[in-house]
Ligand code: 9PG
């Protein structure tokens, strides 16, 4: 046996079979045993024949002695395996295994070589096959006898509990969340119209209960024992990487595949995969995906700007009807209010262009053009942003007539569908075509340098990666997607804020600054289209615009935030006109967006927004840079709990922000046991709970559950929970949803409390503090401040913060 060890993991490689195993240094489970690689290819001359499938029967095995080398993940220790198919060998494989010296994960990749003198096409490289469901039919030994091959085994616990799988959808809008063993992978009824957008078209459609696929990474979990396995890829530069699991027995089956898209594979050529990743985790860790998401960030040199964009977007109120006048009217409203509502970016979305594809011309609704618009925006001290969809073209665009050779086509020469969008068929541009590359780069640099946009929302990016025949036939879809994004970044320059949207996630790490990680929001809770009957048909569409699906992905993809990029949870809609969202739903959306710590764009008509609804915008600013976690992330795709531990100035912290949601269609009680992870409150201690939206507070013993009676359907609560201590302390604040992060100083002396609130905006509000005595002096910015005695040693202070406010209390 050859092995690699670090403080966490023991990896072993069997020199007789070439199969490998991974287990923890301590304990007998979880483990993977006898894991095999696999390869699928075709003879180029006979593309219609079934592919040759080589699954783990390895010959001429050679293993190099361990080597070590530095990497972004610390020093790595390597083992290399080389092997062949049974003779006559057409393909040869090497597998490189790398165990970091001091991190709890395994990395490995495959390098395939065409050993024959025939042209091949490569379909897939399987990085791992393990478990009964991915057992090969049979293998041939060197004398061509049929032998039974060991299927290998994946076991999370000796006595397995309920299994679940966290799936990450292909692109921004695609479903992400946990699925249980008795559920099916969510599918769509709109297949022909929507699959090109929302799913990786090469991934087989799985139909049984407990059979799931995921893009880039997935998490297999045993919920009863809170043990999980993260399986995925560090990058998507070479191929799109897929995780497939079957949870139908106590030992689940796992396959990791790098999709090679039938690219040409000539004699003597080699092709490597991206690095695959495995890690055992505790599902009830506060941040169980930290290690994996950070490794991906390091591998790709992720861009994470310090400042999160805050702004306004035209789409979710005006949609494609937006006019130049709507833009200027909202700009005036925003500029007038910027003291109280500092929404910096003014982002024009879809609706200005002559056609999707014909970007260099505006339509009649924008008579002054885009340069004029950015000048207007800048004149009012706002920052302009623009929506573009550079790789998708609507069937009625001029570009299709002008450059039919720029488009992705099937092997029979037909245009490849990019799905039905805006009720028209759309097609994808070939990002490997020199004409397309020149055109796209000119578009991006025109938008940045001529029109003057330092912020671009780049949408429908998946259209560059559709399965098709490409100008450069040697590139996989993943390589073409990466090329497309690199061209965009190069043309935009390093300073431009690029927001990816409709984009395969793993492809964009290191190239975009922000990424839409959610399904589109909409002014409705569940999917709606034209008529109640049609809406009913769409009710179970997981990737169709609606607030419910936007919330689901925003919660489930929180671990990517500020690691791969800044997460964009999509826009906040708070209006009470032109919407079917009720106030409970608005409150839930506002709460989830605020707790995501991500980008913050409002998409209402700002000239008509009522004061009662502004309370769902202003107190959410400034945004937190951290995101809350759902402790129930593996039990349901719609987590009902969000928790976020915070610290503050002086003795203000630590405290927890907790949100409980009622996603059901009926009002019901919401309850949380505070003794459980991640809060683990002291059952003997006393805590103060302060409800932000309802503006009330109460005391609670750690042994009592947090309980909200009769929460409205689709409704939310948001509370701060702090331990009761004898010193002067904060009870509640209406200035900021975090109830504490707005304080930049908090200094307690013998008979005095001084604090500073830093909001970066003007706000009227109220705070409650507990003090050991009644204050005789109270000032804000050296002006007298009136204090209201609420009893029980609690005092309420009402004042205006003009960006900052220094308060002093003496008793
Ligand atoms: C602009 C919008 C917004 C939005 C994007 C994206 O027809 N369709 O199927 C369709 C799907 C998604 C979609 C638009 C249309 O949304 O996510 O924020 O920019 O484009 O058209």
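In the numbering used here, the protein residues as written are 2 to 812.
We put the beta carbon where it would ideally sit given N, CA and C, even for glycine.
Approximately 7 Å separates the beta-carbon atoms of residue 522 and residue 546; this is inside 8 Å, confirming the contact.
If you compare the alpha carbons of 229, 212 and 279 with that of residue 249, the shortest gap goes to 212. Contact annotation: the segment 317 to 328 touches the segment 565 to 580, with at least three C-beta pairs closer than 8 Å. Here residue 415 is exposed, its C-beta having fewer than 16 other C-beta atoms within 10 Å. Separation of the CB atoms of residue 597 and residue 570 is rounded to 5 Å, and the pair is thereby assigned contact status at 8 Å. With a minimum length of 4 residues, the unbroken runs of alpha helix (DSSP H) contained wholly in the segment 293 to 376 fall at 316 to 319 and 325 to 338. Cβ-Cβ distances below 7 Å link residue 742 to 625, 647 and 649 in the same chain, with the five nearest sequence neighbours on each side left out; the list follows chain order.
Per DSSP, the unbroken beta strand (DSSP E) holding residue 212 starts and ends at 212 to 216. Cα atoms of residue 763 and residue 750: separation of roughly 28 Å, rounded to the nearest angstrom. Under DSSP, residue 234 shares a beta bridge with 277.
Within a 10 Å sphere around the beta-carbon of residue 612 sit fewer than 16 other beta-carbons, which makes this residue exposed. One Cα belongs to residue 517, the other to residue 136, and the distance between them is close to 38 Å.
Burial is judged here by how many other beta carbons sit within 10 angstroms of a residue's own beta carbon; residue 541 has fewer than 16 and is exposed.
About 18 Å separates the beta carbon of residue 85 from that of residue 274, a gap too long to meet the 8 Å contact definition. In the three-state DSSP reduction, residue 69 falls in the strand class (E or B). Where residue 86 is concerned, there is no enclosing beta strand (DSSP E), because DSSP gives it neither an H nor an E. When C-beta atoms of the segment 437 to 448 are compared with those of the segment 503 to 510, fewer than three pairs fall below 8 Å, so the two segments do not count as touching. As computed with DSSP, residue 3 is found in a beta bridge with 14. An exposed status is given to residue 777, since fewer than 16 other beta-carbon atoms sit within 10 Å of its beta-carbon. Its Cα nearest to that of residue 671, the residue 718 stands out among 718, 696 and 635.
According to DSSP, residue 568 shares a beta bridge with 516.
Distances from the CA of residue 82 to each of 602, 66 and 431 were compared; the closest alpha carbon is that of 66. Taking the Cα positions, residue 184 is about 47 Å away from residue 118.
The beta carbon of residue 775 is closer than 7 Å to those of 790 and 812 in its chain, skipping five residues each way along the sequence. In terms of Cα proximity to residue 745, the closest of 733, 16, 536 and 759 is 759. Under the three-state reduction of DSSP output, residue 451 falls in the helix class. The three-state secondary structure of residue 485, taken from DSSP, is helix. Here DSSP, grouped into helix, strand and coil, assigns residue 406 to helix. For residue 502, the shortest C-beta to heavy atom distance toward ligand 1 is below 7 Å. A distance below 6 Å between beta-carbons, with the five flanking residues on each side excluded, links residue 90 to the following residues of its chain, in chain order: 116. Following the DSSP letters along the chain, one finds residue 669 inside the beta strand (DSSP E) bounded by residues 669 to 673.
One alpha carbon belongs to residue 167, the other to residue 559, and they sit about 13 Å apart.
Apart from the 5 residues on each side of it in sequence, residue 396 sits with its Cβ closer than 6 Å to the Cβ of 425 and 426 in its chain, given in chain order. Relative to ligand 1, residue 521 has its C-beta within less than 7 Å of a heavy atom. In its chain, beyond the 5 residues on either side, 259, 272, 273, 274, 275, 477, 479 and 480 have a beta carbon closer than 8 Å to the beta carbon of residue 239.
Straight-line spacing of the CA atoms in residue 346 and residue 312 works out to 4 Å.
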